[in-house]
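Under my numbering, read the sequence shown as residues 171 to 609, first letter to last.
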Amino acid sequence: MERADQPASLPSLVYNGARRVLSGNWTGSSTVPSRTLYPHQWSWDSGFIAIGLRHLSPTRAQRELETLLAAQWADGRIPHIVFNPEVPLTAYFPSPDFWRSSTAGDKSGAPEHIETSGIVQPPIHAPAAWLVHTADPEASGRAGFLHRVYPRLLAWQRYLTECRDLGGRGLASIVHPWESGMDNSPCWDPPLARIEPAAAGSFQRADLDHGCPADRPTDLDYGRYVRLAERYRDQGYADDAGHPFAVEDPGVNALLIASEHALGDIAAAIGADPSDHQVRAEELTTALLKRLWSPEEGLFLCQDVITGTQVRERSAAGLLPLIVPGLPEDVAAALVRTLRGTHFGLGGTTRLVPSYDLTGHAFDPARYWRGPAWFNVNWLLERGLRRHGALDGADAIRTTALKAAVASGFAEYVDPFTGEARGTRDFSWTAALALDLLA
Ligand code: 2M8
171 MERADQPASL PSLVYNGARR VLSGNWTGSS TVPSRTLYPH QWSWDSGFIA IGLRHLSPTR
231 AQRELETLLA AQWADGRIPH IVFNPEVPLT AYFPSPDFWR SSTAGDKSGA PEHIETSGIV
291 QPPIHAPAAW LVHTADPEAS GRAGFLHRVY PRLLAWQRYL TECRDLGGRG LASIVHPWES
351 GMDNSPCWDP PLARIEPAAA GSFQRADLDH GCPADRPTDL DYGRYVRLAE RYRDQGYADD
411 AGHPFAVEDP GVNALLIASE HALGDIAAAI GADPSDHQVR AEELTTALLK RLWSPEEGLF
471 LCQDVITGTQ VRERSAAGLL PLIVPGLPED VAAALVRTLR GTHFGLGGTT RLVPSYDLTG
531 HAFDPARYWR GPAWFNVNWL LERGLRRHGA LDGADAIRTT ALKAAVASGF AEYVDPFTGE
591 ARGTRDFSWT AALALDLLA
């Protein structure tokens, strides 16, 4: 018991602060990433949020995921945003009248009564559902949670492994930088350079009403994001009509493999046959190693599917395969060395792992996904380091992330050297993942 005259301990600051953030951002059926900057439901945010929420309320965590899954399209895709009809159109750009999912996406099976975006985000959902179940397996079993979500998660997985295998190489491609979750990563600069930006006056950004321009993507980036999204919309969100941007991203594919493993766990728990998932997880791992592993860099690299070339940029996405169960130990050991080396600085120059190469030409410790440290990336790496027995690295991330979450006011991202808060505050996945690290 803490006495009133003693400073609160780190665990109680994390617990109470995270609970406050997650309650404040709860809408009654899901959690917004931020009340100001992101006032709708985001796909991979909800996965990370559910992972933390399970420690407060497994039932609310189930609800978070099932609200998202209720907006799934008939082709299996889980849209990256589910719009709240009560939020004014001007609160976020691109708004529902830009995506027009219920009409433009009708041939791809977009829901009629919920407005969503038409692109996707990294597949964290099956691991999240499994972790939510394990928080209280008996209650989850009584509620039939896994039975309900399994078919939907399976359809989502097959959308990615089949409709999105654009390179025909057994990996999923993203067709828009937003699909990576790491929107303005320097990895997207070369493939984006080919895209003619939408005219500057043809759209109105809403993010700069709440975010500092130096922390956010540039107007030129936005022009290209808009052009790509419009094009996809105008082809009915069809994946067989050609894509000017198609990239195999190691982060997305690492989560795809983790999802196949989690689907195997879920299948076994509900009495279905997990063997197909095990086989597919092995096939995906083989493809990831064959296509994206760079032994020279000790890192996984993105592959530009349109040009058939590697993107020679070091991003934290290239470290995320550390979470893959069954990654060969020599590859895992090389990733750990890269994490500790000059490019990412873990245990040396940085407090938390940066999103991009510290020595890279585009490194900027303040600008969004071009350098700052993000809590979801650090949480995934903490899990990966622990999985591969690098316990000192995992413990270092855990302790620093907990301190930084509290000190930054649960910031969206932080300066990797100083831990100084960047982006919005009271950010949901920062709170949720801090709670999970505490457990
Ligand atoms: C950021 O992306 C959105 C577009 O999806 C934006 O900048 O408006 C990214 O950090 C993404 O990873 C995240 O899911 C989203 C909401 O937190 O914000």
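Quick reminder that beta carbons are idealized off the backbone N, C-alpha and C, glycines included.
Cβ-based neighbour list, residue i, same chain, cut-off 7 Å, excluding 5 preceding and 5 following
i: F253; result: H210, P266, E285, T286
i: R482; result: L471
i: V584; result: L522, P542, A543, A574, S578, E590, A591, R592
i: G157; result: Residue numbering for the chain in the displayed model covers 171 to 609; residue 157 lies beyond these limits and cannot be assessed.
i: R322; result: L239, Q242
i: G494; result: Position check: residue 494 holds Val in this sequence, whereas Gly was assumed. Excluding residues within five positions, the ones whose Cβ falls inside 7 Å are A424, I427, A428, T455.
i: G530; result: P356, E483, R484
i: R461; result: R339, L341, E418, Q473
i: A502; result: L492, H558
i: L330; result: P293, A342, L426
i: P367; result: L390, G393, R394, R397
i: A457; result: R339, G340, L341
i: H317; result: I440
Paired residues, beta bridge with residue i - DSSP
i: T418; result: First, the amino acid is wrong: residue 418 is Glu here, not Thr. According to DSSP, which records beta bridges pairwise, E418 is partnered with Q473.
i: P524; result: A543
i: R251; result: In the sequence as displayed, the identity of residue 251 is Ile instead of Arg. The partner list for I251 (beta bridge, DSSP) reads W212.
i: Y583; result: W544, R592
i: T479; result: D474
i: W196; result: T201
i: W463; result: F470
i: I344; result: V417
i: L516; result: T520
i: S485; result: Y526
i: T286; result: V252
Option nearest residue i by Cα separation, candidates the options
i: G434; options: Q327, H380, H513, G198; result: Q327
i: R205; options: A231, L605, G314, T594; result: T594
i: E452; options: Y185, I440, G496; result: G496
i: L459; options: G488, V290, G441; result: G488
i: H513; options: V501, A532, P498, I476; result: A532
i: G421; options: L223, G554, T570, A178; result: G554
i: E236; options: A313, G381, D175, G194; result: A313
i: F545; options: D596, D562, G518, P258; result: D596
i: K277; options: D404, S182, F587, L207; result: D404
i: P264; options: A376, M352, P203, G187; result: A376
i: L259; options: D353, V191, Y208, S598; result: Y208
i: A438; options: A363, Y320, P524, E256; result: Y320
i: P465; options: T519, P498, E234; result: P498
i: I436; options: F315, Q480, N186, P360; result: F315
i: F580; options: N354, R233, N195, Y262; result: N195
Nonlocal neighbours in the same chain, by C-beta distance under 6 Å from residue i, ignoring five residues either side
i: A296; result: L323, S429, A432, L433
i: I294; result: W214, G217, L425
i: A231; result: A220, L223, R224, V302
i: D606; result: I221, G222
i: R556; result: A564
i: R131; result: An answer regarding residue 131 cannot be provided, because it is not within the stretch 171 to 609 covered by the chain.
i: A188; result: A601, A604, L605
i: A325; result: G246
i: V257; result: P209
i: H250; result: S213, S287, I289, V290, Q291
i: E552; result: A564, I567, R568
i: Q448; result: G434
i: D409; result: C333
Contact test: residue i Cβ vs the ligand 2M8 heavy atom, cutoff 6 Å
i: G393; result: no
i: P347; result: no
i: P203; result: yes
i: D409; result: no
i: W212; result: yes
i: Y402; result: no
i: Y208; result: yes
i: G434; result: no
i: D276; result: no
i: G421; result: no
i: D353; result: yes
i: D359; result: no
i: D596; result: no
i: D215; result: yes
Sequence-distant residues of the same chain with beta carbon closer than 8 Å to residue i, five excluded per side
i: L183; result: V576
i: A274; result: A280, G288, R403, D404, G406, Y407
i: A305; result: R224, H225, P228, A231
i: R510; result: L516, G517, G518, G563
i: A571; result: L522, F545, N548, W549, E552, L603, A604, L607
Would you say the stretch 385 to 397 touches the stretch 523 to 538, given that touching needs at least three Cβ pairs under 8 Å?
-> Enough Cβ pairs lie closer than 8 Å, so yes.
How about the stretch 397 to 408 and the stretch 264 to 282: do they share at least three Cβ pairs that are nearer than 8 Å?
-> Enough Cβ pairs lie closer than 8 Å, so yes.
Cβ contact check for the stretch 217 to 229 and the stretch 297 to 307: 3 or more pairs under 8 Å = Taking a contact to require three or more Cβ pairs closer than 8 Å, the stretch 217 to 229 and the stretch 297 to 307 qualify as touching.
Segment contact, 8 Å Cβ cut-off, at least three pairs: the stretch 340 to 354 with the stretch 406 to 416 = By the Cβ rule, the stretch 340 to 354 counts as touching the stretch 406 to 416, because three or more pairs are nearer than 8 Å.
Does the pairing of the stretch 444 to 451 with the stretch 371 to 381 give three or more beta-carbon distances under 8 Å?
-> Because the criterion of three Cβ pairs below 8 Å is not met, the stretch 444 to 451 and the stretch 371 to 381 do not touch.
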